[in-house]
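Peer 1:
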Amino acid sequence: MKRQPLFAILFFLLLILSLALSLVFGAEKLSPLVLIGQGSKFQNIILWKIRLPRCLLVLVTGLLLGGSGAVFQLFFRNPLAEPGIMGISSGATLGAVIATVILAGRTLPAALDPVFKFISPINLCAFLGALAAGFFVTALAFSRAGKASSVMLLLCGTALGTLYSAISSAILLTSNKELHSIYTWILGSFNGRGWKELIFIAIPAALSMIIAFIVARPLDLLTCGEKTASSLGVQVDCIRIWVLICGALAVSCAVCAGGTIGFVGLIAPHIVRKLTGPKSRTLIPYSMMFGAALLLLSDTIARTAIAPGELPAGIITSILGVPFFISLCLTKKNR
Amino acid sequence: MKNVMKKLSIVLLMLTLTMSLSAKAKKTIIKKVKKNPNATEQKAQYPKSIVTLSPSAAEILYAIGAGDQIVAVSEFTDYPPEAAEKPVVGGFDGKTLSVETIISYEPDLVYLTDGMHNFLIEQLDSFGIKWYLSKATSITAIEQEIMDMGELTGHQDEAAMVVAQMAEKLTQTASDSSIKIYYEVWNAPFMSVGSTSFINDIIVSAGGKNIFDDLTDAYPMVSDESIIARAPDVILLPMGNGVTAADVKARAGWESIPAVVNDRIFVVDDNLYSRQGPRVADVVLDLAELLAK
Numbered sequence: 011m012k013r014q015p016l017f018a019i020l021f022f023l024l025l026i027l028s029l030a031l032s033l034v035f036g037a038e039k040l041s042p043l044v045l046i047g048q049g050s051k052f053q054n055i056i057l058w059k060i061r062l063p064r065c066l067l068v069l070v071t072g073l074l075l076g077g078s079g080a081v082f083q084l085f086f087r088n089p090l091a092e093p094g095i096m097g098i099s100s101g102a103t104l105g106a107v108i109a110t111v112i113l114a115g116r117t118l119p120a121a122l123d124p125v126f127k128f129i130s131p132i133n134l135c136a137f138l139g140a141l142a143a144g145f146f147v148t149a150l151a152f153s154r155a156g157k158a159s160s161v162m163l164l165l166c167g168t169a170l171g172t173l174y175s176a177i178s179s180a181i182l183l184t185s186n187k188e189l190h191s192i193y194t195w196i197l198g199s200f201n202g203r204g205w206k207e208l209i210f211i212a213i214p215a216a217l218s219m220i221i222a223f224i225v226a227r228p229l230d231l232l233t234c235g236e237k238t239a240s241s242l243g244v245q246v247d248c249i250r251i252w253v254l255i256c257g258a259l260a261v262s263c264a265v266c267a268g269g270t271i272g273f274v275g276l277i278a279p280h281i282v283r284k285l286t287g288p289k290s291r292t293l294i295p296y297s298m299m300f301g302a303a304l305l306l307l308s309d310t311i312a313r314t315a316i317a318p319g320e321l322p323a324g325i326i327t328s329i330l331g332v333p334f335f336i337s338l339c340l341t342k343k344n345r
Numbered sequence: 002m003k004n005v006m007k008k009l010s011i012v013l014l015m016l017t018l019t020m021s022l023s024a025k026a027k028k029t030i031i032k033k034v035k036k037n038p039n040a041t042e043q044k045a046q047y048p049k050s051i052v053t054l055s056p057s058a059a060e061i062l063y064a065i066g067a068g069d070q071i072v073a074v075s076e077f078t079d080y081p082p083e084a085a086e087k088p089v090v091g092g093f094d095g096k097t098l099s100v101e102t103i104i105s106y107e108p109d110l111v112y113l114t115d116g117m118h119n120f121l122i123e124q125l126d127s128f129g130i131k132w133y134l135s136k137a138t139s140i141t142a143i144e145q146e147i148m149d150m151g152e153l154t155g156h157q158d159e160a161a162m163v164v165a166q167m168a169e170k171l172t173q174t175a176s177d178s179s180i181k182i183y184y185e186v187w188n189a190p191f192m193s194v195g196s197t198s199f200i201n202d203i204i205v206s207a208g209g210k211n212i213f214d215d216l217t218d219a220y221p222m223v224s225d226e227s228i229i230a231r232a233p234d235v236i237l238l239p240m241g242n243g244v245t246a247a248d249v250k251a252r253a254g255w256e257s258i259p260a261v262v263n264d265r266i267f268v269v270d271d272n273l274y275s276r277q278g279p280r281v282a283d284v285v286l287d288l289a290e291l292l293a294k
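This is how it looks when you write it as structure tokens:
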């Protein structure tokens, strides 16, 4: 118990350190003078107009993925649960694919320009696709209120996700000119993202994080099972819908920001749980911070590994996450 | 027990059905190949039914006067207009091609593209059908390919003339220039062309320098920081992306790039830039003119 403040400080420091590293390192070498406003004109532009918005976006995405991953794992009491497996990421990909294919070589009506000043058409459709997929899954939960078991929900979500992936693949096969660009999108990359995306996802992201904190306490009571929790006064059906909304919003924002990035929502809560225990009041915020740190680190590596070329950040998170994960599984003794 | 027998009989029925259907399919293929038993004996004869699997292949054949020897083309073949009227065997991409459709036209030569249609080579060999693999990754390679096609189709003189015309156009632009060019293949994520890309060759021939020619990947994903740091003098945008010069100017952090400052952002026809055929010389000339502005 006395270690809690220590952990809070540690995680926060880790987050700040990752943010600092990601600002300092990148495709182009920056001298430390840039931070105080000196340095050449190009260096200033690179730091303040390109790296800063991108790193902030990565930070927010990491917070969202880590937090929603923790919420899902707590609610479904399943170590493999994360919002992505409910088919929401696949729904986002389907939205992006449809947008790419419809837009291919066509110019949009000028009436839609004010909308597209805030967000690119593909990202917007990805966001809407994720929300639609989240809505379908939530509707499933709502329609079978009382009778729905969480395992059923997970299965339905996974099945729907497979369906969306299949439809995406079918669409892409018939219009293969766009294949390469959407492939990189699917792998997950923050290349070229900045203030525009950050402002667009600000409100839904904030909503998702607030919901995550609100459901934290009831989620603790759910660890003994849904029946026990409901006998203790927890409205399980209500919580289920809030959890799904939180996850859907989080993933929608995350794919809008950086494409489909896997593993962060899965790994961060596990690692944090190993270090600080399973209490949701600590798991959720620490998962957020750790997820953000992990994603920042991955994005920094993605930008510097083959500079000036870039790797998709989604690949790096998988490469970083898997050894962590396996070592966790191998050293689990008190579970 | 009854259930097991039922299931077993259904499985057996399915198996026999599939086997008989596939046997039928095999028969039709063998039948058609038997119609061309003398493929190897027709060495002295020039091919009369060529199937081209890329738009540039059809263009090259028409340029050297072998257009009537083409029996079928691929999708996206739009130049010259006569080529567009030939029957279509499928898309440019290997996934949308069927060997059966190609063979149904009874070709004596199939014109393939390296990297896209290599999987067809083994099957074509087993059916005894001649094939030519286009590896045009540079303008010199294209000139050689045109000469090869001249040899193969019996139009050596026309081929030599086409190559000579191309070479003449190219000498008009061969100047050692240091205009830095950024060709934007895609904008989300940023993708450009590397040193092994055909477009890089076009840029160099027109007298420019590709800012990413130190990358060997043909279409690498690049960091926007590097684009800004390398300060290109000219930015080329493919028409098919729908991105305009105004969009580029509005990008955060791009205002101080020389190309944006001097308003040297041009939209080019990306269809032509990827057409590895005789029109590449015209493309190079046009680009050189753009750069001279």
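Same order as they appear, the protein sequences are chains A and B.
Every position in the first sequence, counted from 1, becomes a number in the numbering used here once 10 is added.
Every position in the second sequence, counted from 1, becomes a number in the numbering used here once 1 is added.
Backbone N, C-alpha and C fix where the C-beta goes; we use that ideal spot for every residue, glycine too.
1. Using DSSP bridges, identify the partner residues of Met-222/B.
2. Take Ala-26/B and list the residues in its own chain whose beta-carbon comes closer than 8 Å to its own, dropping the five residues that flank it on each side.
3. Please name the residue, chosen from Ala-258/A, Ser-290/A, Leu-57/A, Ile-211/A, that lies closest to Leu-231/A on a Cα-to-Cα basis.
4. Taking Ile-84/B as the reference, which of Ala-73/B, Asp-287/B, Val-90/B has the closest Cα?
5. Since Ala-315/A and Pro-322/A are thought to touch, with beta carbons under 8 Å apart, how far apart are those beta carbons, to the nearest angstrom?
6. Among Gly-79/A, Cys-166/A, Gly-268/A, Thr-238/A, whose alpha-carbon lies nearest the alpha-carbon of Arg-283/A?
7. For Asn-211/B, report the span of its alpha helix (DSSP H) as first-last.
8. Any beta carbon of chain B sitting closer than 8 Å to that of Ala-102/A?
9. On the DSSP letters alone, give me the boundaries of the beta strand (DSSP E) that Phe-223/A sits inside.
10. Check whether the Cβ atoms of Ser-262/A and Ala-140/A sit closer than 8 Å, and answer yes or no.
11. Could you check whether Leu-197/A and Ile-325/A sit closer than 8 Å to each other, using their CB atoms as the reference points?
12. In chain order, which alpha helix (DSSP H) runs of at least 4 residues are fully inside the segment 145–186 of chain B?
13. Is Ser-135/B helix, strand or coil when you go by DSSP?
14. Using three-state DSSP, classify Phe-77/B as helix, strand or coil.
15. Would you say Ile-196/A reaches chain B, if we count a Cβ-Cβ gap shorter than 8 Å as a contact?
16. Decide if Leu-340/A is buried, meaning its Cβ has at least 16 other Cβ atoms within 10 Å, or exposed.
17. By how many angstroms is the C-alpha of Gln-14/A removed from the C-alpha of Leu-20/A?
18. Name the one or two DSSP bridge partners that Val-268/B has.
19. Under a CB-based cut-off of 8 Å, is Phe-52/A close to chain B?
20. May I ask you to verify whether the segment 24–40 of chain A touches the segment 220–227 of chain A, counting CB pairs closer than 8 Å and requiring at least 3?
21. From Asp-215/B to Leu-170/A, what does the alpha carbon distance come to, in whole angstroms?
22. Restricting to Cα atoms, I'd like to know which of Tyr-296/A, Gly-94/A, Ala-258/A is closest to Thr-168/A.
23. Could you tell me which residues DSSP pairs with Ile-56/A in its beta bridges?
24. Between Thr-327/A and Ile-271/A, which are expected to be in contact by the criterion C-beta below 8 Å, what is the C-beta distance as a whole number of angstroms?
25. Would the beta-carbon of Leu-165/A fall within 8 Å of that of Ser-218/A?
26. Flag this pair as yes or no: are the beta carbons of Ala-136/A and Cys-256/A separated by less than 8 Å?
27. Identify the continuous beta strand (DSSP E) that holds Tyr-112/B and give its terminal residues.
28. Report all residues from its chain with a CB closer than 8 Å to the CB of Phe-238/B; omit the five preceding and five following residues, and keep chain order.
29. Can you have a look at Ala-91/A and say buried or exposed, based on whether 16 or more other CB atoms are within 10 angstroms of its CB?
30. Taking the straight line between their C-alpha atoms, what separation do you get for Pro-318/A and Pro-295/A?
31. Quick check: does the Cβ of Arg-250/A come within less than 7 Å of any heavy atom belonging to the ligand NAP?
32. Tell me the rounded alpha-carbon separation between Val-34/B and Ile-51/B.
33. Looking at the strands, I want to know which residues DSSP matches up with Gly-319/A.
34. Excluding five sequence neighbours on each side, which residues of the same chain lie with their C-beta closer than 8 Å to the C-beta of Ile-249/A?
35. For Leu-16/B, does the three-state DSSP call read helix, strand or coil?
Peer 2: Looking at the atomic coordinates:
1. For the purposes of this step, residue 222/B is taken as residue 221 along the second sequence, with counting starting at 1. Residue pairing from DSSP places Met-222/B in a beta bridge opposite Met-192/B.
2. The residue labelled residue 26/B in the question sits at position 25 within the second sequence. With a pLDDT of only 45 at Ala-26/B, under 50, the local geometry of the prediction cannot be trusted, and the value read off the model is given with reservation. Nothing listed; no residue qualifies.
3. Along the first sequence, read from residue 1 onward, the residue named residue 231/A stands at position 221. For Leu-231/A, the closest alpha carbon among the candidates Ala-258/A, Ser-290/A, Leu-57/A, Ile-211/A is that of Ser-290/A.
4. Along the second sequence, read from residue 1 onward, the residue named residue 84/B stands at position 83. The sequence given here has Ala at residue 84/B, not Ile. Closest in alpha carbon position to Ala-84/B, among Ala-73/B, Asp-287/B, Val-90/B, is Ala-73/B.
5. Here residue 315/A refers to the residue found at position 305 when the first sequence is read from its first residue. Here residue 322/A refers to the residue found at position 312 when the first sequence is read from its first residue. Contact flag wrong, Cβ pair sits at about 11 Å.
6. Translated into the one-based positions of the first sequence, residue 283/A becomes position 273. Of the candidates Gly-79/A, Cys-166/A, Gly-268/A, Thr-238/A, the residue whose Cα lies closest to the Cα of Arg-283/A is Gly-79/A.
7. Counted from its first residue, the second sequence places residue 211/B at position 210. Looking at the DSSP string, Asn-211/B is not in any alpha helix (DSSP H); the run it does join, the beta strand (DSSP E), is 209–211.
8. Taking the first sequence and counting its residues from 1, the one referred to as residue 102/A is at position 92. Chain B contact via Cβ: absent.
9. For the purposes of this step, residue 223/A is identified with residue 213 of the first sequence, where counting begins at 1. Element bounds for Phe-223/A: not the beta strand (DSSP E) but the alpha helix (DSSP H), 205–224.
10. Counting from one through the first sequence, the residue named residue 262/A turns up at place 252. Counting from one through the first sequence, the residue named residue 140/A turns up at place 130. Going by C-beta atoms, Ser-262/A is nearer than 8 Å to Ala-140/A.
11. As a first step, residue 325/A must be located in the first sequence, where it is residue number 315. As a first step, residue 197/A must be located in the first sequence, where it is residue number 187. Yes. Within cutoff.
12. Restricted to the segment 145–186 of chain B, the alpha helix (DSSP H) segments that are unbroken, complete and at least 4 residues in length are 157–172, listed in chain order.
13. As a first step, residue 135/B must be located in the second sequence, where it is residue number 134. Strand, per DSSP.
14. Translated into positions along the second sequence, residue 77/B becomes position 76. Three-state result, Phe-77/B: coil.
15. Here residue 196/A refers to the residue found at position 186 when the first sequence is read from its first residue. Not an interface residue.
16. Along the first sequence, read from residue 1 onward, the residue named residue 340/A stands at position 330. Flag for Leu-340/A reads exposed.
17. Start at 1 with the first residue of the first sequence, and residue 20/A comes out as number 10. Start at 1 with the first residue of the first sequence, and residue 14/A comes out as number 4. In a straight line, the C-alpha of Leu-20/A is about 10 Å away from that of Gln-14/A.
18. If you number the second sequence from 1, residue 268/B lands on position 267. According to DSSP, Val-268/B bridges with Leu-238/B.
19. Here residue 52/A is taken as the residue at index 42 of the first sequence, counted from 1. At least one chain B Cβ lies under 8 Å of Phe-52/A.
20. No, they do not touch.
21. The count along the second sequence starts at 1 and reaches residue 215/B at position 214. The count along the first sequence starts at 1 and reaches residue 170/A at position 160. Taking the straight line joining both Cα atoms gives about 44 Å.
22. Translated into positions along the first sequence, residue 168/A becomes position 158. In this structure, Gly-94/A is the residue among Tyr-296/A, Gly-94/A, Ala-258/A with its C-alpha nearest to the C-alpha of Thr-168/A.
23. Taking the first sequence and counting its residues from 1, the one referred to as residue 56/A is at position 46. For Ile-56/A, which the question treats as bridged, DSSP gives no partner whatsoever.
24. What you label residue 327/A is simply residue 317 of the first sequence in a count that begins at 1. What you label residue 271/A is simply residue 261 of the first sequence in a count that begins at 1. Right, their Cβ atoms sit about 6 Å apart.
25. For the purposes of this step, residue 165/A is identified with residue 155 of the first sequence, where counting begins at 1. For the purposes of this step, residue 218/A is identified with residue 208 of the first sequence, where counting begins at 1. By the CB criterion at 8 Å, Leu-165/A and Ser-218/A fall outside the cutoff.
26. Start at 1 with the first residue of the first sequence, and residue 136/A comes out as number 126. Start at 1 with the first residue of the first sequence, and residue 256/A comes out as number 246. Result no, Cβ atoms of Ala-136/A and Cys-256/A do not sit closer than 8 Å.
27. What you label residue 112/B is simply residue 111 of the second sequence in a count that begins at 1. Looking at the DSSP string, the run of the beta strand (DSSP E) that includes Tyr-112/B is 110–114.
28. Numbered from 1 along the second sequence, position 237 holds the residue referred to as residue 238/B. In the sequence on display, residue 238/B carries Leu and not Phe. Same-chain partners within the cutoff: Glu-185, Val-244, Thr-245, Ala-246, Val-249, Ile-266, Phe-267, Val-268, Val-269.
29. As a first step, residue 91/A must be located in the first sequence, where it is residue number 81. Its Cβ being crowded by 16 or more others within 10 Å, Ala-91/A is buried.
30. Counted from its first residue, the first sequence places residue 318/A at position 308. Counted from its first residue, the first sequence places residue 295/A at position 285. Approximately 35 Å, taken between the alpha carbons.
31. Among the components of this structure there are no ligands whatsoever, and the ligand NAP is therefore not found.
32. What you label residue 34/B is simply residue 33 of the second sequence in a count that begins at 1. What you label residue 51/B is simply residue 50 of the second sequence in a count that begins at 1. The predicted model places Val-34/B with a pLDDT of 38, which falls under 50 and marks its position as unreliable, so this point remains unresolved.
33. Residue numbering aside, residue 319/A sits at position 309 when the first sequence is read from its first letter. For Gly-319/A, which the question treats as bridged, DSSP gives the partners Val-223/B.
34. The count along the first sequence starts at 1 and reaches residue 249/A at position 239. Apart from the 5 residues on each side of it in sequence, Ile-249/A sits with its Cβ closer than 8 Å to the Cβ of Phe-85, Val-225, Pro-228, Leu-229, Leu-232 in its chain, given in chain order.
35. Taking the second sequence and counting its residues from 1, the one referred to as residue 16/B is at position 15. Of the three classes helix, strand and coil, the one that applies to Leu-16/B here is helix, per DSSP.
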